[in-house]
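The sequence shown begins at -19 in the numbering used here and counts up one residue at a time.
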Amino acid sequence: MTQKESRGCCDVLIRNCRIVDGTAAPWYRGDVAVKDGYIIKTGKIDPESFSAAKTVDACDCYLAPGFIDIHSHSDTTLLKYRLAESRVLQGVTTEIGGNCGMSSAPVSPESDKKADLEAYMGEMPYNWNSLGEFLDRIEEAAPSVNFGTAVGHGTLRIAAMGFDNRKPAVDEMNVMKDLLRRSLRDGAFAMTTGLIYPPGCYAKTDELIELSKILPEYGALYMTHMREEGAHVVDSVREAIEICRQSGASLEISHHKVTYKPGWGKSCRTTLTMIEEARREGLDVTADQYPYRASSTTMDSNIPQWAFEGGMEALFDRLKDPETRAKLREESNAGHIGRWGDIYVGYVLSEKNMWTVGKSIEEIAKTRGVDPADACFDLVLEERGNVDEINFGMCEEDIEYIMKSPYVMTGSDGKSVSFDYPGRPHPRYFGTFPRVISHYCRDRGLFTLETAIHKMTGMPAAKLGIEDRGLIKEGMRADLVLFDFDKITDTPDFARPKQPCEGIKQVYVNGVLTAENGKHTGAAAGMVLRKGR
Ligand SMILES: [Zn+2]
């Protein structure tokens, strides 16, 4: 054998790293060799024994697996923002969309159901029907991140029965089951629910158990935005665990939080104990969380659920009818005593209401000289539902208590977007993962760096059953993040949310350098992930 043949070769050799491998094991100093998108060697690599097309000196910075975002809504944005700046610039290399009951597929070919789905999910081309076809479209778009999706229960329910507020008939249940099975065969990682949103909120527990019984055959999860995250959060966790127990599906509680002031400091102690007890019983229960005091959703979530029956047009008609509006105003205000001032506009579609972005409902109501509930309803009407809110409803003590649990991982609840995305989105879009590392791990000292990285890599990979990502190990896909632990900062905040994070030196997706020092390289090496393929 000649000397040349005995030398290994690779595309990239990253030398002098502190390797945090994603398992939560202590970091170790070493090198990583990448070839054809895979990690081919880790540990101490003699540069003489390896010919590398490119060698990177990590200068003793940390190298972690690319972050896996188990909770994203990028299925609605990735076709438009394929470079996914908000994700790769914070180190996210893989994300799972279709959360909170809302997935972009399957789409019913019936035109009224298709219109209902469009009202539910927002504007998209919808040049697909099945979940598999939707994933094909993403693949053709060539995104910069790896993308997989869940199938939303709300989407299934719309395809079967629109926005009807009732129990499904036997044949409608069969439509949902068939579509669920097909979507799981097409590679969905989970079925998700959004039990605060119509039409998901119209489903009773037994409907969810019956559907969830299908999930274990496909190794898919039940992921839930629970029925209530405020005064009744404990009951909501109880329902989610019951669905898990009765169906045998693995449960992921999405964006766990408590949004009810009198429950602060208490409710999450109960819910975390319930999760622990369920696990002791043998139920595979975990949760995820984003690291901010404010949540973000559609502004119409402040309107009582009964007003959505029959779909968005029916809602608009009810908001226009003075008598119905008076009733909605009364109910809505009752739930928001002293809270309208905590709810800010994050996004509007129209130019004319752009002035409301960044202002609270209370301020907008004062400017317009109307009741706060009316200010909220008018915006929903004028924007035809295309208005998002940022809602400050949580406390730091709870965020830290939940985050410290070994059963809680990181999930952004954000989307793949670019810097030109309109409005003022929640900073979680661009900053979630560096915020956990910099603020909660480094500055607040809640846990070790190894634990922080595990919560965003090895843990979600294991939960989702992604076997070739989430760890730095020979044979794994080369999704990697190189960062400076002293400098990493979640620069995006509520005032200026669209910014790259600081301290992230390099991000590789499938072995391709995709971000460097806060700049996107233009690379688009993301892959579509299909469960079971
Ligand atoms: Zn949600």
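From the three backbone atoms N, C-alpha and C, an ideal C-beta is built for every residue, glycine too.
On a predicted model such as this, the values are computed, not experimentally measured, just so you know.
| Asked | Found |
| --- | --- |
| Assess contact between the region 261 to 272 and the region 345 to 359, defined as three or more Cβ pairs (one per stretch) separated by less than 8 Å. Is contact present? | no |
| Have a look at A306, E311, N366 and flag the residue whose alpha-carbon is nearest the alpha-carbon of S330. | N366 |
| With respect to 7 Å, is the separation between the Cβ of C224 and the closest non-hydrogen atom of ligand 1 below this value? | no |
| Pick from R165, I76, T172: whose alpha carbon is nearest that of V125? | I76 |
| Measure the beta-carbon distance from F296 to L361 and round it to whole angstroms, keeping in mind my assumption that it falls under 8 Å. | 6 Å |
| Helix, strand or coil: which one does DSSP assign to M517? | Here the chain covers residues -19 to 513 and nothing more, so residue 517 does not appear. |
| According to DSSP, which residues form a beta bridge with Y202? | M171, L231 |
| With distances taken between CB atoms, is the gap from R273 to I379 smaller than 8 Å? | yes |
| Just to check, is the beta-carbon of G174 closer than 7 Å to a non-hydrogen atom of ligand 1? | yes |
| Here's a check: name, in chain order, each residue in its chain whose Cβ is nearer than 7 Å to the Cβ of E(-15), leaving out the five neighbours to either side. | Residue placement at E(-15) is poorly supported in this model, since its pLDDT is 45, which falls under 50; the coordinates still yield a value, given next. For E(-15), where only same-chain residues beyond five positions count, there are no Cβ hits under 7 Å. |
| With hydrogens ignored, establish whether the beta-carbon of H205 is closer than 7 Å to any heavy atom of ligand 1. | yes |
| Please list the segments of the beta strand (DSSP E) lying wholly inside the region 324 to 358, counting only runs of 3 or more residues, in order along the chain. | none |
| Can you find the residues in the same chain that come closer than 6 Å, C-beta to C-beta, to F357, ignoring five residues on each side of it along the sequence? | L299 |
| Under three-state DSSP, which class holds L115? | helix |
| Give me the Cα-Cα distance between E363 and E65, rounded to the nearest whole angstrom. | 27 Å |
| Which term fits A220, buried or exposed, when burial requires 16 or more other beta carbons within 10 angstroms of its beta carbon? | buried |
| In three-state terms, what does DSSP make of V217? | helix |
| Would you say the beta carbon of C181 comes nearer than 7 Å to a heavy atom of ligand 1? | no |
| Check whether the Cβ atoms of T22 and C80 lie closer than 8 Å to each other. | no |
| Distance, Cα to Cα, G321 vs K307? | 21 Å |
| Is H406 near ligand 1, going by C-beta to nearest heavy atom under 7 Å? | no |
| Provide the residue(s) that pair with P45 in DSSP beta bridges, ordered along the chain. | L460 |
| Less than 8 Å between the CB atoms is what I'm expecting for P86 and N109, so what's the real figure, rounded? | 6 Å |
| Throw me the rounded Cβ distance for the V14 and V489 pair, which I believe falls under 8 Å. | Between V489 and V14 the Cβ distance is about 11 Å, and since that is not below 8 Å, they are no contact. |
| Taking only the alpha-carbon atoms, compute the straight-line gap between C248 and I20 and give it to the nearest angstrom. | 43 Å |
| Per DSSP, F427 is paired with what? | Paired residue(s): none; F427 is not in a bridge. |
| Got a sec: does ligand 1 put a non-hydrogen atom nearer than 7 Å to the Cβ of N109? | no |
| Have a look at P472 and C481 and give me their C-alpha separation to the nearest angstrom. | 7 Å |
| Evaluate D1 with the Cβ neighbour count: other Cβ atoms within 10 Å of its Cβ, from every protein chain shown; 16 or more gives buried, anything less gives exposed. | buried |
| Would you say the beta carbon of S84 comes nearer than 7 Å to a heavy atom of ligand 1? | no |
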